[in-house]
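Residue numbers (UniProt numbering): 1 to 265.
And the structure:
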């Protein structure tokens, strides 16, 4: 079973929030849910239900997924407590992003998928109700599920909870750059924990979640540098956005070289 059409439909809806892309996700769900489901199928449908705000259905399907990873368990705990969302498409299409802070190492946080836009939620740091937030959490002793962009960007969340946003990253010679990445830049959700590469003695910018098809579209296989344990032939054959072998694309802020990281379930 291939889910590329479902992944594409979800991406379109997350970026446009319009009625037609919402309907396309619903159609793809109807097509796939009648098949005999493997574990991978269940994971994909949970994401699809959550994408369109059907959290009750997503939560019930979560309970059926065996051997949940740390990443999945964390995400599903958040889904479990959310009420179903009923989209008002006019409001969503007029989403104001002008007040979003600028992240040096994540210049397009919504487009890249690091930040989410959805139902109003309460920021675990400032207590404000927000519709744009990070669900990647924070590496700290307390349970932190959801943070607003401003608490991340200011360093307030990292200071309040005594935590960092990246599980692992390369260190550069500028201490302020290491601090900005660790304490003021939202992390991305991955299979095995974030790894953030550096290039030209600075941290790279996160571009987005990718598979082999996305790198084909960009035409960068010959020039991309990769910091993975996988042979390039394995990446080209098995790496899929939303799949068991997931790619994460970065770009050097100085020489513009693309850098690829990948991990597996």
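By construction, the Cβ of each residue, glycine as well, lies at the ideal position given by its N, Cα and C atoms.
Exposed unless 16 or more other CB atoms sit within 10 angstroms - verdict on residue i
i	result
residue 247	buried
residue 121	buried
residue 261	buried
residue 94	Confidence is the limiting factor: at residue 94 the pLDDT is only 49, short of 50, which leaves the residue's position unreliable and the question unanswerable from this model.
residue 250	buried
residue 241	buried
residue 149	buried
residue 90	Reliability of the predicted coordinates at residue 90 is poor, the pLDDT of 46 falling under 50, and no value is obtained from them.
residue 219	exposed
residue 245	buried
residue 255	exposed
residue 203	buried
residue 75	buried
residue 266	The structure shown does not extend to residue 266, since the chain spans only 1 to 265, so no value can be given for it.
residue 63	exposed
residue 323	Shown here, the chain extends from 1 to 265; a query on residue 323 therefore has no answer.
residue 9	buried
residue 152	buried
Limits of the unbroken beta strand (DSSP E) element including residue i
i	result
residue 245	245–251
residue 260	258–264
Secondary structure of residue i, DSSP reduced to three states
i	result
residue 90	In this prediction, residue 90 has a pLDDT of 46, which is less than 50 and means its spatial position is unreliable; what the coordinates show is noted afterwards. Here residue 90 sits in helix by DSSP.
residue 181	helix
residue 255	coil
residue 80	helix
residue 75	helix
Where the alpha helix (DSSP H) containing residue i begins and where it ends
i	result
residue 57	55–62
Mind listing, in chain order, the continuous beta strand (DSSP E) runs of no fewer than 3 residues lying wholly within the segment 99–176?
Complete beta strand (DSSP E) runs here, min 3: 116–122, 129–133.
Below 8 Å, how does it come out for the segment 168–185 and the segment 195–205: are there three or more Cβ pairs, yes or no?
yes
Every unbroken alpha helix (DSSP H) within the segment 187–242, with a cutoff of 4 residues, ordered by chain:
212–218, 232–238
Is the segment 182–189 touching the segment 134–141, taking contact as three or more C-beta pairs under 8 Å?
Using a C-beta cut-off of 8 Å, the segment 182–189 makes contact with the segment 134–141, since at least three inter-stretch Cβ pairs fall below that distance.
For the pair the segment 105–114 and the segment 122–130, tell me if three or more CB-CB distances fall below 8 Å.
no
If contact is defined by three or more beta carbon pairs under 8 Å, each pair taking one atom from either stretch, is the segment 143–152 in contact with the segment 61–70?
no
Write down every uninterrupted run of the alpha helix (DSSP H) in the segment 6–45 whose length is 4 residues or greater and which is fully enclosed by it, in chain order.
19–33
Is the segment 50–66 close to the segment 76–85, with three or more CB pairs under 8 Å?
yes
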